[in-house]
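A.B. asks: Let me give you the structure first, and then I'll get to my questions.
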Amino acid sequence: MKLFKSSIILFAAAALLTSSCSDFLEKEPTSTTSGSYFKNETEAESFLKGIYAILTQTSFYGSDYYYLVGGDDLESYGGVGRSPVNRGLICNNANSSDPGVTSFWYTLYAGINRANIFMEEINNVPDMNESNRKVDIAEARFLRAFYYFNLVECWGDVPFKTSSTQSVEGLQIERTSKETIYDFICKEMEESAADLKSASDIDYLPGKVTKSVAWGILARVYMFRAGEHFRDGSAPNETKIKEYFTQANGFAQKVMQEGHSLAPKYWDYFIDQCSDKYNTTGKESIWEAEFTGTYSTDTRTEGRVGNIIGIQAPDLSSKAELTGKADPGYGYCFFWSTPKLYELYVANNDVNRMNWSIAPFTYTQSKSGNAVDGRLFEKGKLDEVKSQYGPQSYSYGDTQANANYGDREKTTETVDYGRMCGKWRREYEADKKNKNYTLINFPILRYADVLLMVAECENELNGGPTDLAYQCINAVRNRAGISQLSGLDQNAFRQSVKDERAMELCFEMTRRFDLIRWGEFTKNMNELAPRAQSGTNWTQGPSNVYTYFQVSDAYNYFPIPSNELAVNKKITGNNPGW
Numbered sequence: 000m001k002l003f004k005s006s007i008i009l010f011a012a013a014a015l016l017t018s019s020c021s022d023f024l025e026k027e028p029t030s031t032t033s034g035s036y037f038k039n040e041t042e043a044e045s046f047l048k049g050i051y052a053i054l055t056q057t058s059f060y061g062s063d064y065y066y067l068v069g070g071d072d073l074e075s076y077g078g079v080g081r082s083p084v085n086r087g088l089i090c091n092n093a094n095s096s097d098p099g100v101t102s103f104w105y106t107l108y109a110g111i112n113r114a115n116i117f118m119e120e121i122n123n124v125p126d127m128n129e130s131n132r133k134v135d136i137a138e139a140r141f142l143r144a145f146y147y148f149n150l151v152e153c154w155g156d157v158p159f160k161t162s163s164t165q166s167v168e169g170l171q172i173e174r175t176s177k178e179t180i181y182d183f184i185c186k187e188m189e190e191s192a193a194d195l196k197s198a199s200d201i202d203y204l205p206g207k208v209t210k211s212v213a214w215g216i217l218a219r220v221y222m223f224r225a226g227e228h229f230r231d232g233s234a235p236n237e238t239k240i241k242e243y244f245t246q247a248n249g250f251a252q253k254v255m256q257e258g259h260s261l262a263p264k265y266w267d268y269f270i271d272q273c274s275d276k277y278n279t280t281g282k283e284s285i286w287e288a289e290f291t292g293t294y295s296t297d298t299r300t301e302g303r304v305g306n307i308i309g310i311q312a313p314d315l316s317s318k319a320e321l322t323g324k325a326d327p328g329y330g331y332c333f334f335w336s337t338p339k340l341y342e343l344y345v346a347n348n349d350v351n352r353m354n355w356s357i358a359p360f361t362y363t364q365s366k367s368g369n370a371v372d373g374r375l376f377e378k379g380k381l382d383e384v385k386s387q388y389g390p391q392s393y394s395y396g397d398t399q400a401n402a403n404y405g406d407r408e409k410t411t412e413t414v415d416y417g418r419m420c421g422k423w424r425r426e427y428e429a430d431k432k433n434k435n436y437t438l439i440n441f442p443i444l445r446y447a448d449v450l451l452m453v454a455e456c457e458n459e460l461n462g463g464p465t466d467l468a469y470q471c472i473n474a475v476r477n478r479a480g481i482s483q484l485s486g487l488d489q490n491a492f493r494q495s496v497k498d499e500r501a502m503e504l505c506f507e508m509t510r511r512f513d514l515i516r517w518g519e520f521t522k523n524m525n526e527l528a529p530r531a532q533s534g535t536n537w538t539q540g541p542s543n544v545y546t547y548f549q550v551s552d553a554y555n556y557f558p559i560p561s562n563e564l565a566v567n568k569k570i571t572g573n574n575p576g577w
């Protein structure tokens, strides 16, 4: 059961603001009266859900976030004959007026202001359970820090404010150094963890912020902070870098003491997400952006996971009689793998994660407009899938390779290594499926990521992999069914962690920021451009897909929105290159 339902979307309109740092402040009340927001505990809880609701906005995990951060060396925007998308950074065509960039900026500041209001008003709520009050404040503090982390991760120095707007005066705010904001983020997340519930207290339901969430995201913050010198082109402060990795390691290891575990099979986690379930086989899911409803009633959020990022399938939503495998759910399939991801899987003999993460088949119809009645598999993949997640997936019955129905294989091996994202599959959704909106949550943090953080930190701090580093990375590899690592030096293990994160976390919107903190984003992207242009094992997608990889160093940051520059005169310049 999802923890946040209609109250997220039906939350009082006065608090649901999406605008710029200056503009959103103008839309707040010009003054507030103590207790005017929350007359009782129920109203306070409803307001808190509105702070969480930022996560599911269309401008965040509801849709645009994928176009903003999804372009990396493992995935690209694509599809046969598809023109570049006109929002976000994924197609290397952004500018300071980009609508996706602008909306994300506004939304994050709206979430921060909601949190500021909440923390100013929560102590005025009469007769509130003090234990509940303490937990609610901790959740709001963490969420405010998380929204600031997204701002710093994307924009660097940004306007910084920890109080709500009480007047229309003095709304223009200069940029604050990201180092100052990092200090605030780290302090808030660490202190909030003390009052948050443990994941076990809520039966490992990953919709709410818990100690595991706070510690795991804090580890992510410290690791990204350790690599800031790369995108700034500054000399590394080795003392500070060691301190940041030490902190990241400590907090990630705290998560390891919270009772989490990997699901036995890689696909179990994603089948749970697509089926609107949590942790049925292992306590792997730590934090998810929650989507609910079918977009046909007031109980809904705007989930697009499985629709814009998922397997391509025909639109049969208007045909009520087609349910189950006849209509596996419409998918645009905007996100495709690069040959680099394909070849990583092959080099590691990783057929389990490969056959789930990059779809080994396409849905087919023997007659256009009718039910889906088959799947066409890549050569050699049908029997593999049958022995993997086959029993948990739709089956259309075996038939001959030259037929146009049933489950069958191509007669020749395809040389195109750019294939569609297969992680989130609408076939596991309940019938009848909406054309564009899904119930599928998005993973913000899962346990496999935490294990790989510990492995990386241990290697960086000790001049090479420790027993714990091997324990953590090999736990992830064992679940994938590939060989264990041993006997590596620091550089070899570092590369193994990078490759492991690629194979394990592809399409989960962490790769772009991994590459930035490793100082490899521009280099890795540029290396793919000639290959995309030549079409070597990579013919899928528009003819100009190679331009998506010709990024400059400017793309280590987002541009400050032109709307903000126009109204906030205390921001006197944009990020480098914008």
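For what it's worth, numbering that gives the first Met the number 0 labels the leading residue of the sequence shown as 0, then goes sequentially.
Note that the Cβ used here is the ideal one computed from N, Cα and C, for glycine as well.
1) May I have the straight-line CA-CA distance separating Thr-291 from Thr-300, to the nearest angstrom?
2) Return yes when the Cβ of Pro-327 is within less than 8 Å of the Cβ of Tyr-388, no when it is not.
3) Nearest by alpha-carbon distance to Cys-185: which of Trp-214, Asp-194 and Tyr-203 is it?
4) Could you tell me the distance, in whole angstroms, from the CA atom of Arg-352 to the CA atom of Phe-512?
5) Given a cut-off of 8 Å on the beta-carbon distance, is the pair Met-524 and Val-550 in contact?
6) Where do the ends of the beta strand (DSSP E) carrying Arg-303 lie?
7) For Thr-31, which residues in the same chain have their Cβ closer than 6 Å to its Cβ, ignoring the five residues on either side in sequence?
8) My output table needs one value for Ser-367: the three-state DSSP class, helix, strand or coil.
9) Per DSSP, what kind of secondary structure is Met-419 in: helix, strand or coil?
10) Starting from the N-terminal side, write out each stretch of the alpha helix (DSSP H) that is 4 residues or longer and does not extend beyond the stretch 195 to 274.
11) With distances taken from CA atoms, which of Lys-378, Ser-386 and Val-384 is nearest Gly-399?
12) So, at 6 Å on beta carbons, what are the nonlocal neighbours of Ser-6 in its own chain, with the 5 sequence-adjacent residues on each side left out?
13) Rounded to whole angstroms, what's the CA-CA distance from Thr-101 to Phe-145? Just pull it up for me.
14) Kindly identify the DSSP beta-bridge partner or partners of Tyr-362.
15) Going by other Cβ atoms of all chains shown within 10 Å of its Cβ, with 16 needed for buried, is Pro-338 buried or exposed?
16) Is the distance from the Cβ of Val-596 to the Cβ of Leu-451 below 8 Å?
17) Please go through the same chain and pick out, in chain order, the residues whose beta-carbon is closer than 7 Å to the beta-carbon of Leu-107, but skip the five residues on each side of it.
18) Are there three or more Cβ pairs, one per stretch, closer than 8 Å when the stretch 494 to 512 is compared with the stretch 59 to 71?
19) Measuring CB to CB, does Asn-473 end up less than 8 Å from Leu-487?
20) Strictly under 8 Å for the Cβ-Cβ distance: is Glu-283 near chain B by that measure?
21) Arg-445 and Ser-284 look like a contact to me (Cβ under 8 Å); what is the Cβ gap, rounded to whole Å?
22) Hey, Glu-120 and Tyr-36 are a contact pair by Cβ (cut 8 Å); roughly how many whole angstroms apart?
23) At the level of alpha carbons, what is the spacing between Gln-470 and Asn-458?
24) Can at least three beta-carbon pairs, one atom from the stretch 238 to 258 and one from the stretch 428 to 443, be found at a separation below 8 Å?
25) What first and last residue would you give for the alpha helix (DSSP H) that runs through Ala-43?
26) Taking the runs of the beta strand (DSSP E) that are 3 residues or longer, which of them lie wholly in the stretch 500 to 548?
27) According to DSSP, is Thr-175 part of a helix, a strand, or is it coil?
28) Of the residues Tyr-64, Val-496, Met-502 and Val-384, which one's Cα is nearest the Cα of Ala-479?
29) Leaving aside the five residues before and after Ala-565 along the sequence, list all residues of the same chain whose C-beta is less than 7 Å from its C-beta, in chain order.
30) Quick one: give me the first and last residue of the beta strand (DSSP E) that Leu-444 is part of.
31) Less than 8 Å between the beta carbons of Lys-196 and Val-254, yes or no?
32) Apart from the five residues on each side of it in sequence, which residues of its chain come closer than 6 Å, Cβ to Cβ, to Glu-190?
33) Is Trp-286 near Ile-443, with beta carbons less than 8 Å apart?
34) Taking the DSSP output, what are the residues bridged to Arg-407?
35) Along the chain, where does the beta strand (DSSP E) containing Gln-285 start, and where does it finish?
36) For Lys-432, is the classification buried or exposed, using 16 other Cβ atoms within 10 angstroms of its Cβ as the cut-off for buried?
C.D. replies: Checking against the coordinates, here is how it stands:
1) Counting from 1 along the sequence shown, the entry for residue 291 is found at position 292. Counting from 1 along the sequence shown, the entry for residue 300 is found at position 301. Computed Cα separation, rounded: 6 Å.
2) As a first step, residue 388 must be located in the sequence shown, where it is residue number 389. As a first step, residue 327 must be located in the sequence shown, where it is residue number 328. No, the Cβ-Cβ distance between Tyr-388 and Pro-327 is not below 8 Å.
3) Start at 1 with the first residue of the sequence shown, and residue 185 comes out as number 186. The shortest C-alpha separation from Cys-185 is found at Trp-214.
4) Working through the sequence shown from its first residue, we reach residue 352 at position 353. Working through the sequence shown from its first residue, we reach residue 512 at position 513. Cα to Cα, the separation comes out at about 22 Å.
5) Here the question's residue 524 lines up with position 525 in the sequence shown. Here the question's residue 550 lines up with position 551 in the sequence shown. For Met-524 and Val-550, yes; Cβs fall inside 8 Å.
6) Here residue 303 is taken as the residue at index 304 of the sequence shown, counted from 1. Counting along the chain, Arg-303 falls outside any beta strand (DSSP E), and DSSP gives it neither H nor E.
7) By 1-based counting over the sequence shown, the position of residue 31 is 32. Because the pLDDT of Thr-31 is 39, which lies under 50, any placement of that residue in the model is unreliable, and the number read from its coordinates should be weighed accordingly. For Thr-31, where only same-chain residues beyond five positions count, there are no Cβ hits under 6 Å.
8) Against the sequence shown, residue 367 aligns to sequence position 368. Three-state result, Ser-367: coil.
9) Your numbering for residue 419 matches position 420 in the sequence shown. Strand, per DSSP.
10) 210 to 225, 227 to 231, 237 to 255 and 265 to 273
11) Position 400 of the sequence shown holds residue 399. Per the sequence shown, residue 399 should be read as Gln rather than Gly. Ranking the options by Cα distance to Gln-399, first place goes to Lys-378.
12) Taking the sequence shown and counting its residues from 1, the one referred to as residue 6 is at position 7. Only weak support is given to the placement of Ser-6: the predicted model assigns it a pLDDT of 40, under 50, and the value that follows is read from those uncertain coordinates. Answer for Ser-6: Ser-45 and Lys-48, listed in chain order.
13) Position 102 of the sequence shown, counted from the first residue, corresponds to residue 101. Position 146 of the sequence shown, counted from the first residue, corresponds to residue 145. Roughly 18 Å separates the two Cα atoms.
14) Counting from 1 along the sequence shown, the entry for residue 362 is found at position 363. For Tyr-362, which the question treats as bridged, DSSP gives the partners Arg-374.
15) In the sequence shown, the residue the question calls residue 338 occupies position 339. Per the 10 Å Cβ criterion, buried.
16) The structure shown does not extend to residue 596, since the chain spans only 0 to 577, so no value can be given for it.
17) Indexing the sequence shown from 1 puts residue 107 at position 108. Tyr-146, Asn-149 and Leu-150, listed in sequence order.
18) yes
19) Walking along the sequence shown from the start, residue 473 turns up at place 474. Walking along the sequence shown from the start, residue 487 turns up at place 488. In this structure, Leu-487 does not lie closer than 8 Å to Asn-473 by Cβ.
20) Reference to chain B is not applicable here, since this structure consists of a single protein chain.
21) For the purposes of this step, residue 445 is identified with residue 446 of the sequence shown, where counting begins at 1. For the purposes of this step, residue 284 is identified with residue 285 of the sequence shown, where counting begins at 1. Confirmed, Cβ separation roughly 6 Å.
22) For this step, residue 120 is matched to residue 121 along the sequence shown. For this step, residue 36 is matched to residue 37 along the sequence shown. At roughly 5 Å, the Cβ-Cβ gap stays under 8 Å, so Glu-120 and Tyr-36 are in contact.
23) On the sequence shown, position 471 is the one that residue 470 refers to. On the sequence shown, position 459 is the one that residue 458 refers to. Computed Cα separation, rounded: 12 Å.
24) no
25) Here residue 43 corresponds to residue number 44 of the sequence shown, with the count starting at 1. It spans 40 to 51 - the alpha helix (DSSP H) in which Ala-43 sits, taken as one unbroken run.
26) none
27) For the purposes of this step, residue 175 is taken as the residue at position 176 of the sequence shown. Looking at Thr-175 - three-state DSSP - the assignment turns out to be strand.
28) Walking along the sequence shown from the start, residue 479 turns up at place 480. When each option's Cα is compared against that of Ala-479, the closest is Met-502.
29) Mapped onto the sequence shown, residue 565 falls at position 566. Closer than 7 Å at Cβ, skipping near neighbours: no residue.
30) Within the sequence shown, residue 444 is the residue found at index 445, counting from 1. From DSSP, the beta strand (DSSP E) with Leu-444 extends over 441 to 445.
31) Position 197 of the sequence shown, counted from the start, is the residue given in the question as residue 196. Position 255 of the sequence shown, counted from the start, is the residue given in the question as residue 254. Going by C-beta atoms, Lys-196 is not nearer than 8 Å to Val-254.
32) Locating residue 190 in the sequence shown gives position 191, where the first residue counts as 1. Nothing listed; no residue qualifies.
33) Position 287 of the sequence shown holds residue 286. Position 444 of the sequence shown holds residue 443. It is a contact, given that the beta carbons lie within the stated cut-off.
34) What you label residue 407 is simply residue 408 of the sequence shown in a count that begins at 1. Its beta-bridge partners are Leu-375.
35) By one-based count along the sequence shown, residue 285 stands at place 286. Correcting the residue identity first, residue 285 is Ile in this sequence and not Gln. Ile-285 -> beta strand (DSSP E) spans 284 to 288.
36) Against the sequence shown, residue 432 aligns to sequence position 433. Buried.
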